[in-house]
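Have a look at the structure below before the remarks.
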Amino acid sequence: MEQKYKGRLELTWTNKDKRLLAQQTGNYEWVSPSDYRVAEVRLLQSESTYGERNSGNLLIQGDSLYALESLCKIPSYRDKYVGKVKLAYIDPPFNTRQTFEQYHDALEHSVWLTMMRDRLRNIKDLLAPGGSVWVHCDDSEQHRLRCVMDEVFGPDNFVATVIWQKSHTRENRTDISTTHDYIIVYANERSVWATTRNLLPPTDEQIGRYENPDNDPRGIWTSLPAHAKAGPGRRASQFYSITRPSGRTIDPPPGRCWLYTEDRFQELISDNRIWFGRDGNGAPRVKRFLSEVPAGLVPVSIWSHQEVGTTGDAKNEVIAVLADTVPFATPKPERLMERIIHIASNPGDIVLDCFAGSGTTAAVAHKMGRRWVTVEWSEDTVNNFIIPRLQKVVGGQDPGGVTESAGWEGGGGFDYLRIGPSMFTDVGGRVMLSDWATNGKLSQAVAAQLGFDHSQEPPFCGRKGKQHLAVVDGMVNDVVVQLLVQHMAEDELLLLCGTAVDPKARTVLRKLRPGSSIRKIPSALLAGYRYQPPEFIEDSTEQELSPSEVISRD
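FYI, UniProt numbering numbers position 249 of the sequence shown as 249, with every residue one higher than the one before it.
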């Protein structure tokens with residue numbers, strides 16, 4: 001009898017079942033996934049627009065965890081981005097010490113892995129079927145990152161580990177000088193990605209390998225040996241003697257056979273596709289014409305500094321466009337991003353980078369005619385690096401990087417958004433609605449938590465199919481219910497949220513609109529994070545929460 005096995009291969013780490021609540025100060029905290037501080041859907045607040053309006057390009061300032069959640073769950077963004085991002089490139093901090101100042105050494109890798117896992121899950125939701133994610137890393141976490149990405153994307157969707165030669169100088173102060181980084185590539189659905197990814201155009205060096213010593217009218221060519229390994233499956237007709245133009249004969253090398261049968265070989269000789277050297281006495285080689293090569297070359301996994309640039313090149317690019325700034329320690333050259341974006345996307349596709357740094361990904365994507373979304377936590381970095389850099393790209397005032405190769409002359413624009421504050425506040429261990437949320441923004445914040453399109457259709461503030469959303473910052477009673485129902489069609493339902501609820505109102509609503517419901521906030525929202533989506537909480541009873549979790553404002 002065949003033995004059956006249970007279990008799966010996975011990487012485990014401390015607090016893997018929790019989420020990481022990080023702070024820009026360098027502190028962090030492990031929390032339950034139901035903790036409102038990580039479960040809440042934050043609003044994206046519009047700050048300004050640069051260049052053309054409605055460009056579809058977004059610069060978001062704030063924690064990438066909140067930004068990705070908002071893109072995935074707020075309907076106005078969800079409809080534009082979920083399942084539609086063609087390329088996600090992320091260049092996260094390579095180790096925990098770069099991100100968190102206060103942590104326990106034994107938890108270092110767990111902190112970093114949790115941070116990455118949480119973001120990769122959202123990125124997967126955003127990727128199109130033919131999309132891919134490229135994660136930049138070094139030796140400190142590369143082997144563990146592969147395991148996490150296997151869990152999120154599936155091992156069958158692993159594409160490659162690209163090795164980038166980031167430097168060509170030797171560091172003599174260490175035991176072995178490391179001159180490369182890794183870029184780990186996974187597809188959302190590899191079978192789809194493999195048919196949609198782009199080939200690379202041949203480089204000048206590769207084209208230089210082609211020549212035309214015999215003035216063949218078909219143009220320049222290179223050549224390959226006309227023999228192959230004589231393994232099983234080779235036919236006897238592939239073993240014979242060939243007469244060269246010089247009159248001398250030649251047999252296949254020991255252990256080898258000719259690529260073709262004798263008849264086929266003679267056809268190729270007649271078509272001038274076999275080269276015997278300038279003197280006609282060399283070993284036969286098969287000509288391959290550049291004009292007959294497919295539209296491009298399959299990318300290889302080792303990228304040299306001559307092809308895509310170095311960290312030093314990247315610093316010079318930033319200095320050239322922002323002369324009065326101190327460049328990042330490890331920026332990425334525009335040629336590196338140009339290659340990634342070329343392989344993984346096409347003009348008009350959406351490119352995502354949730355660790356923006358100096359804004360290279362957005363700058364190159366813009367020059368290459370892609371739409372883009374980029375997220376950066378540091379407000380100083382946004383103001384001092386990213387916005388000035390992207391303004392120059394939009395204005396056609398960035399002559400460096402890939403501007404010439406991309407044929408970029410300026411144009412387009414982008415919207416600058418900021419992650420909104422929490423709609424909750426903790427007062428002495430009790431969670432209350434914040435003053436910000438109750439000062440005219442409550443309906444928008446509630447709509448985001450419940451997945452409703454926020455729309456001003458008084459007296460309603462949101463809609464999901466045939467269900468209306470109404471939010472009352474105050475008492476919901478039978479009068480409020482009757483007023484709202486008067487504005488509804490017979491086949492429409494109502495989800496009514498209020499900071500205080502008269503039990504009589506529930507009875508009236510059930511009678512007037514069976515299937516409709518009333519929620520008391522914030523308790524219903526907090527219970528939803530803890531148990532299930534808030535819109536499915538039964539309105540007949542309140543979920544039992546600890547005092548530290550909830551207090552209503554009635």
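Just so you know, even glycine gets a beta-carbon here, dropped at the ideal spot from N, CA and C.
Of the residues assessed, Pro225 falls on the exposed side of the cut-off, its CB having fewer than 16 other CB atoms within 10 angstroms. By the criterion of a C-beta distance shorter than 6 Å, Lys287 is surrounded in its chain by Trp221, Ser223, Arg273 and Trp275, once the five residues flanking it on both sides are discounted. Using a Cβ distance threshold of 8 Å, Ala500 and Leu484 do not count as a contacting pair.
Restricting attention to Gly428, Phe452 and Thr25, the CA atom closest to the CA of Ser76 is found in Phe452.
Shown here for Val446: same chain residues with a beta carbon closer than 6 Å to its own, the five before and five after excluded, namely Val471 and Cys497 in chain order. Per the coordinates, the alpha-carbon of Met423 lies some 30 Å from the alpha-carbon of Gln486. The beta strand (DSSP E) runs of length 3 or more contained entirely in the segment 456-481 are, from start to end of the chain, 460-464 and 467-476. DSSP lists no bridge partner for Gly412. The beta carbons of Gly62 and Trp372 sit about 17 Å from each other, so the pair does not count as a contact at 8 Å. Distance between Ser358 and Leu336, taken at the CA atoms: about 14 Å. Only residues of its own chain outside the window of five on either side were considered, and among them Ile343 and Ala344 have a CB closer than 7 Å to the CB of Arg197, listed in chain order. When Cβ pairs closer than 8 Å are counted between the two stretches, the segment 245-256 is seen not to touch the segment 178-193, the count staying below three. Around the beta carbon of Arg8, a 10 Å sphere encloses fewer than 16 other beta carbons of the protein chains shown; the residue is thus reported as exposed.
Annotation: Leu268 to Gly154 spans about 46 Å, alpha carbon to alpha carbon.
Using a Cβ distance threshold of 8 Å, Arg119 and Cys354 count as a contacting pair. Contact check between the segment 124-144 and the segment 84-92: three or more CB pairs, one atom from each, fall below 8 Å, which counts as touching. Between Asp279 and the set Pro252, Leu297, Phe265 and Pro213, the nearest pair of CA atoms involves Pro213.
Of all C-beta pairs linking the segment 316-331 to the segment 400-408, three or more are shorter than 8 Å, placing the two stretches in contact. Taking C-beta atoms as the reference points, Ile60 and Leu44 count as a pair closer than 8 Å. Membership of Lys520 in the beta strand (DSSP E) is indicated by the continuous run Ser517 to Lys520. The segment 193-237 contains, as complete beta strand (DSSP E) runs of 3+ residues, the segments 221-225 and 227-229 (chain order). Boundaries cannot be given for Asp91, as no beta strand (DSSP E) includes it and DSSP labels it neither H nor E.
In the DSSP assignment, Trp134 falls outside any alpha helix (DSSP H) and lies within the beta strand (DSSP E) extending over Leu127 to Cys137. Under the three-state reduction of DSSP output, Gly440 falls in the coil class, being neither helix nor strand.
The closest CA to that of Gln467, considering only Glu492, Ser291, Ser455 and Gln482, is found on Glu492. Taking the Cα positions, Asp139 is about 17 Å away from Val111.
CA-CA distance, Gly465 to Leu58, rounds to 28 Å.
Secondary structure of Arg244 (DSSP, three-state): coil. Sorting Leu145, Ser48 and Pro129 by C-alpha distance to the C-alpha of Phe94 places Leu145 at the top. A residue is called buried once 16 or more other Cβ atoms fall within 10 Å of its Cβ, and Leu509 is buried on that count. Note on geometry: alpha-carbon atoms of Ile387 and Arg513 lie some 50 Å from one another. Per DSSP, Leu58 lies in no alpha helix (DSSP H) segment; the continuous beta strand (DSSP E) that holds it begins and ends at Leu58 to Gln61. Just so you know, the alpha carbons of Lys332 and Ala295 end up roughly 28 Å apart.
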